[in-house]
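Sequential numbering of the sequence shown, starting at 125, is according to our numbering. C-beta: ideal position from N, C-alpha, C; glycine also. Please read these numbers as outputs of a predicted model, since none were measured by experiment.
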Amino acid sequence: MTAFARRQTAGLALLAVVAAASVLAGPEHLLGLARRLADRPVVFGVLLVGVYLVRPLLAWPTTLVAVLAGYAYGPVAGFPVALAGTTASALLPFLVARYVGAGSGLVARLGDSGERFFAATGDLRGMVASRLAPAPSDPVSAAAGLSGVSTGAFVAGTAVGEVPWTVAAVLAGSSLDRLSTAGLNAIGWELLAAAAAVAVALLAGPAYRAASARR
């Protein structure tokens, strides 16, 4: 088996693990532990680091962990903690996708589509728009890895594009008296619409230039 084939096999195995973990692991136990540790900021910080590391494997949304940061640290300290954790956590599927490579078939077509998208928008603009769009974080990260986005543009674009989602989640967490799954809905339709509008505005120029070039 070639090195590339081994990477593809490892990628498929990891995807299967993520799918199984997302079905079997819910956030209820995490929320109970977070409630018990909320008054111990250092220990809670260790918990957050661990959760951010395993979050992609469990397919948990980034806003879930940002809510925890807001709950324990409040909006002022919780925001930079949550934004740094979200950005670092997004790197994991990005680097895995880059290591595995596009291969062939559907994955190759996704990689080709991503390359055309980022070629039209530029890496940084494309990443910011992708993060602002109401799309799941980890598929966006994996698509960027398959598309050859530079690591610097990925990190910067993720940090900028995740700001509104992180602010909303941290504020929601800081306002909770008690953590529960019912209180984790941090994203309202107003924020979804506003972020989507900004993403569309960022992509309007590249889309127009691409359409003009095809005429």
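Query, Result
"Buried or exposed (CB count within 10 angstroms, at least 16 for buried), L177", "exposed"
"Neighbourhood of T290 by C-beta, 7 Å cutoff - its chain only, sequence neighbours within 5 removed", "A190, F203, A206, L207, T210"
"Where L109 sits in the DSSP three-state scheme", "Nothing can be reported for residue 109: it is not among the residues displayed for the chain, which extend from 125 to 339."
"Outcome for V173 when other beta-carbon atoms lying within 10 angstroms are tallied against a minimum of 16", "exposed"
"Selection from V224, A267, T275 that minimises the alpha carbon distance to A212", "T275"
"Which of helix, strand or coil DSSP assigns to S213", "helix"
"DSSP three-state assignment for P185, whether helix, strand or coil", "coil"
"Cα-Cα separation between S254 and R164, rounded to whole angstroms", "36 Å"
"Where the alpha helix (DSSP H) containing E152 begins and where it ends", "152-161"
"Cβ-Cβ distance between L248 and A296 below 8 Å", "no"
"Residues near S228 in its chain [Cβ-Cβ closer than 6 Å; skip 5 each side]", "Note that S228 has pLDDT 48, beneath the 50 cutoff, so the model's placement of it is unreliable and the number below is only indicative. No residues qualify anywhere along the chain."
"Local Cβ density within 10 Å of P260, reported as buried at 16 or more and exposed below that", "exposed"
"Helix, strand or coil at V273 [DSSP, three-state]", "coil"
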